[in-house]
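Read top to bottom, the protein sequences are chains S and D. Just so we're aligned, residue 1 is where the first sequence starts under our numbering, counting upward by one. Just so we're aligned, residue 1001 is where the second sequence starts under our numbering, counting upward by one. Below is one structure, written out as structure tokens, with a few remarks after it.
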Amino acid sequence: AQKITQTQPGMFVQEKEAVTLDCTYDTSDQSYGLFWYKQPSSGEMIFLIYQGSYDEQNATEGRYSLNFQKARKSANLVISASQLGDSAMYFCAMSRPWAGNNRKLIWGLGTSLAVNP
Amino acid sequence: DVKVTQSSRYLVKRTGEKVFLECVQDMDHENMFWYRQDPGLGLRLIYFSYDVKMKEKGDIPEGYSVSREKKERFSLILESASTNQTSMYLCASSLRGGSEAFFGQGTRLTVV
Chain S
1 AQKITQTQPG
11 MFVQEKEAVT
21 LDCTYDTSDQ
31 SYGLFWYKQP
41 SSGEMIFLIY
51 QGSYDEQNAT
61 EGRYSLNFQK
71 ARKSANLVIS
81 ASQLGDSAMY
91 FCAMSRPWAG
101 NNRKLIWGLG
111 TSLAVNP
Chain D
1001 DVKVTQSSRY
1011 LVKRTGEKVF
1021 LECVQDMDHE
1031 NMFWYRQDPG
1041 LGLRLIYFSY
1051 DVKMKEKGDI
1061 PEGYSVSREK
1071 KERFSLILES
1081 ASTNQTSMYL
1091 CASSLRGGSE
1101 AFFGQGTRLT
1111 VV
């Protein structure tokens, strides 16, 4: 079954430190994509970073990097130099083939990150 | 920047009412989505549209319908609102299948 697992319901990190949010996935598809989104308390879902299943290099976007370990089926998000504004829910998602040429996102249940000053 | 706009941030409706949630995107995206988000259940796909007048049922379409008469606008309709449809509703759009989705600010619907 296609599934995303985020094992950390809540995480705390000190401001300016790095933090890793875990994501494991289960799929039998050869082609898939992995996404991370941030949802602040305001509710809007914000796209952070993407990794394709055939990408050999780990994706990076500013302070965000994705630690992609294909054999272990993990796609952990690393946030460097945490800021107070990073406090939010973080969701991992996986795209898979669906409905002809379309793709569907499978979502994890999220990790709540709190950054302490 | 891509902008996805949902017509309301907060909405309170009575049981049995017909409810319309509107979503507009300004980047000519092919795909549009409606999700609902509930604590402990994550995001669940209600409906997806990949072109004007085209739609696919998601994981939880019961009690909902959708309309996409123009490319930029995707409406979610609750035919007869019930209390178990109290939830956060999120609209999203993406350029094509597999590309990142951009979300609206969400509509928190309460059915009383």
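Glycine included, each C-beta is placed from N, C-alpha and C at the ideal position.
Strictly under 8 Å for the Cβ-Cβ distance: is residue 63 of chain S near chain D by that measure? no
Distance check for residue 1073 of chain D and residue 101 of chain S, CA to CA, integer angstroms please. 22 Å
By the criterion of Cβ-Cβ separation under 7 Å, what are the contact partners of residue 1050 of chain D in chain S? 102
Cutting at 7 Å between CB atoms, please list the residues of its own chain near residue 1016 of chain D, excluding the five before and the five after it. Non-local beta-carbon contacts of residue 1016 of chain D in its own chain, meaning distances under 7 Å to residues more than five positions away in sequence, involve 1080, 1081 in chain order.
Does DSSP put residue 1005 of chain D in a helix, in a strand, or in coil? strand
Taking Cβ positions only, does residue 114 of chain S come closer than 8 Å to chain D? no
Residue-level contact to chain D via CB, residue 45 of chain S, 8 Å cutoff: yes
8 Å is my cut-off, CB to CB: does residue 36 of chain S come that close to chain D? At a cut-off of 8 Å between beta-carbon atoms, residue 36 of chain S makes no contact with chain D.
Is there contact here, the stretch 58 to 69 of chain S with the stretch 1016 to 1029 of chain D, by at least three beta-carbon pairs under 8 Å? With a cut-off of 8 Å, the stretch 1016 to 1029 of chain D and the stretch 58 to 69 of chain S do not count as touching, because too few Cβ pairs lie within range.
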